[in-house]
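*Asks:*
Protein chains: 2
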Amino acid sequence: MSNVQELPLLEPTGGQGVVPCCPPLTERPMSAPEAETAARMFKALGDPVRLRLFSAVASHEGGEACVCDISDVGVSQPTVSHHLKKLKEAGLLTSERRGTWVYYRVEPSVLAAMGQLLAMPAAA
Amino acid sequence: MSNVQELPLLEPTGGQGVVPCCPPLTERPMSAPEAETAARMFKALGDPVRLRLFSAVASHEGGEACVCDISDVGVSQPTVSHHLKKLKEAGLLTSERRGTWVYYRVEPSVLAAMGQLLAMPAAA
Chain A
46 MSNVQELPLL EPTGGQGVVP CCPPLTERPM SAPEAETAAR MFKALGDPVR
96 LRLFSAVASH EGGEACVCDI SDVGVSQPTV SHHLKKLKEA GLLTSERRGT
146 WVYYRVEPSV LAAMGQLLAM PAAA
Chain B
46 MSNVQELPLL EPTGGQGVVP CCPPLTERPM SAPEAETAAR MFKALGDPVR
96 LRLFSAVASH EGGEACVCDI SDVGVSQPTV SHHLKKLKEA GLLTSERRGT
146 WVYYRVEPSV LAAMGQLLAM PAAA
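Taken in sequence, the protein lines are chains A and B. Sequential numbering of the first sequence, starting at 46, is according to the working numbering. Sequential numbering of the second sequence, starting at 46, is according to the working numbering.
#1: Leaving out the 5 sequence neighbours to the left and right, which residues in its chain are closer than 8 Å to B:A163 when beta-carbon positions are compared?
#2: Check for me: the alpha helix (DSSP H) holding B:S154 runs from which residue to which?
#3: Measure the alpha-carbon distance for B:G60 versus B:V151 and round it to whole angstroms.
#4: Consult DSSP for A:S121 and reduce its assignment to one of helix, strand or coil.
#5: Nearest-angstrom Cα distance between A:Y148 and A:S140?
#6: Can you grab the Cα-Cα spacing for the pair A:D117 / A:F87, in whole Å?
#7: Please classify B:S17: does DSSP put it in a helix, a strand, or coil?
#8: Have a look at B:A175 and A:V155 and give me their C-alpha separation to the nearest angstrom.
#9: Using a Cβ cut-off of 7 Å, pull out every chain A residue sitting near B:A164, in sequence order please.
#10: Would the beta-carbon of B:E134 be found less than 7 Å away from any heavy atom of the ligand FAD?
#11: Taking DSSP as the reference, what is the three-state secondary structure of B:A170?
#12: If the cut is a Cβ gap below 8 Å, which residues of chain B does A:D92 touch?
#13: Under a CB-based cut-off of 8 Å, is B:L138 close to chain A?
#14: For the region 120-132 of chain B against the region 98-106 of chain A, are there 3 or more C-beta pairs whose distance is under 8 Å?
#15: Specify the secondary structure class of B:R97 as computed by DSSP and reduced to three states.
#16: For chain B, check one thing: does any of its Cβ atoms lie closer than 8 Å to the Cβ of A:R97?
#17: So for A:R85, helix, strand or coil by DSSP?
#18: Give me the chain B residues within the contact set of A:S100, using Cβ-Cβ distance strictly less than 7 Å, ordered along the chain.
#19: Mind listing the chain A neighbours of B:L3? Cutoff is C-beta to C-beta under 9 Å, in chain order.
#20: Beta carbon of A:L96, beta carbon of B:A83: below 8 Å?
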C-alpha cells in the first residue's frame, strides 16, 4: 500500500480525453485546492536531474524510454529509478513493464494542462 | 550584497526582447546547465502558497499588485513578502517601489519561455 496520491490535475471527460483542472494563472487567483494540485507538478519538475530525465523520456524515440535508455545523466541507476518514480507519482509519466524493463512514457495531457496554466492572455 | 543569482532563463537579443533558454522538453534531452536554469523556475512555482500569490499578481487588474492587494491567501504579510521575494529571485516577478508600497508584476517573457518548454510536438 502506498501513501502517495495520484495527481488529480486532469479529470476524465466521459471518454473524450481529459480536461485541465485549472484556468490560466493570469485569468483569476487560484483557489487553494487548485494550487495544491498544480504545485505538486511544478515541484516534480523543480529538480535538475528529474527535469533532465523527464526531457530524456519525452524526447526519446517513440515517446517512451526504459531506464536502460536514459542512464547518461551522471547519476546511478537506482537514483534514476527513484526520480522516475517521483515523476510517475506526480502524474507526469506513466509506466508499463515489458519483460525485464519498465518503460516510461510522458502523459501528453498533463503537459498540455501545465502549458495552459502558463498561457498568457491574448494581447489587448 | 546578495548570494542570490538572477535566473538567466532569458537572454537579451539586442533590443529585440528576449529569447527562451531552452527548447521544448520533448525536442531533445536537456543539457545540465539548461536543466539547472529551468528547474529553478519550476521549483519557485512548486509551492502552493507561492503559486497562489503568483496567480494573484498575474490576474490582478493592470497585471500588477502590491502586497496590500493580495494578502488574502491565509498567511501573514511577512510570509507573503518572503514568497514574493522568492518569485522575484527566480525571475518570475519584477518589482518597483512607489511611495509606501512595492508593486509586483509578472515577467511575461518568462511565462512564455516556460510555456514553450512544455510545448508538445505537432501531431504527426
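Even glycine gets a Cβ: it sits at the ideal position worked out from N, Cα and C. Predicted model, so just to flag it, every value in this text is computed and none were measured.
*Replies:* According to the structure data:
#1: By one-based count along the second sequence, residue 163 of chain B stands at place 118. For the record, residue 163 of chain B in the displayed sequence is Leu; it is not Ala. If we look at B:L163 and ignore the five residues flanking it on each side, its Cβ neighbours are P69 and L70.
#2: Here residue 154 of chain B refers to the residue found at position 109 when the second sequence is read from its first residue. Where B:S154 is concerned, the enclosing alpha helix (DSSP H) stretches over P153 to L162.
#3: Stepping through the second sequence from its first residue, residue 60 of chain B is reached at position 15. Stepping through the second sequence from its first residue, residue 151 of chain B is reached at position 106. Bear in mind that the predicted position of B:G60 carries a pLDDT of just 37, short of 50, making it unreliable; the figure below should be weighed with that in mind. Looking at the two C-alpha atoms, the distance is approximately 20 Å.
#4: The sequence position of residue 121 of chain A within the first sequence is 76, counting from 1. DSSP places A:S121 in coil when its eight states are reduced to three.
#5: Reading the first sequence from its first residue, position 103 is the one you call residue 148 of chain A. Reading the first sequence from its first residue, position 95 is the one you call residue 140 of chain A. Using only the alpha carbons, I get a separation of about 5 Å.
#6: By one-based count along the first sequence, residue 117 of chain A stands at place 72. By one-based count along the first sequence, residue 87 of chain A stands at place 42. If you take the alpha carbons of A:D117 and A:F87, they lie about 24 Å apart.
#7: A query on residue 17 of chain B cannot be resolved here, the shown segment of chain B reaching from 46 to 169 and no further.
#8: The structure shown does not extend to residue 175 of chain B, since chain B is modelled only from 46 to 169, so the question has no answer here.
#9: Looking up residue 164 of chain B in the second sequence gives position 119. Within chain A, the residues near B:A164 are G160.
#10: No copy of the ligand FAD appears in this structure; indeed no ligand is present at all.
#11: Since the first and last residues shown for chain B are 46 and 169, residue 170 of chain B lies out of range.
#12: Mapped onto the first sequence, residue 92 of chain A falls at position 47. Going along chain B in sequence order, the residues near A:D92 (Cβ under 8 Å) are A84 and K88.
#13: Counting from one through the second sequence, the residue named residue 138 of chain B turns up at place 93. Not closer than 8 Å to any Cβ of chain A, the Cβ of B:L138 fails to qualify, so no.
#14: no
#15: Indexing the second sequence from 1 puts residue 97 of chain B at position 52. Three-state DSSP puts B:R97 in a helix.
#16: Here residue 97 of chain A refers to the residue found at position 52 of the first sequence. At least one chain B Cβ lies under 8 Å of A:R97.
#17: Residue mapping note: residue 85 of chain A aligns to position 40 of the first sequence, counting from 1. The answer is helix: DSSP assigns A:R85 an H, G or I state.
#18: Within the first sequence, residue 100 of chain A is the residue found at index 55, counting from 1. Neighbours of A:S100 on chain B, chain order: L70, P74 and M75.
#19: This structure gives no information on residue 3 of chain B, because the portion of chain B shown stretches from 46 to 169.
#20: In the first sequence, counting from the first residue as 1, residue 96 of chain A sits at position 51. In the second sequence, counting from the first residue as 1, residue 83 of chain B sits at position 38. Cβ distance < 8 Å, so A:L96 and B:A83 count as in contact.
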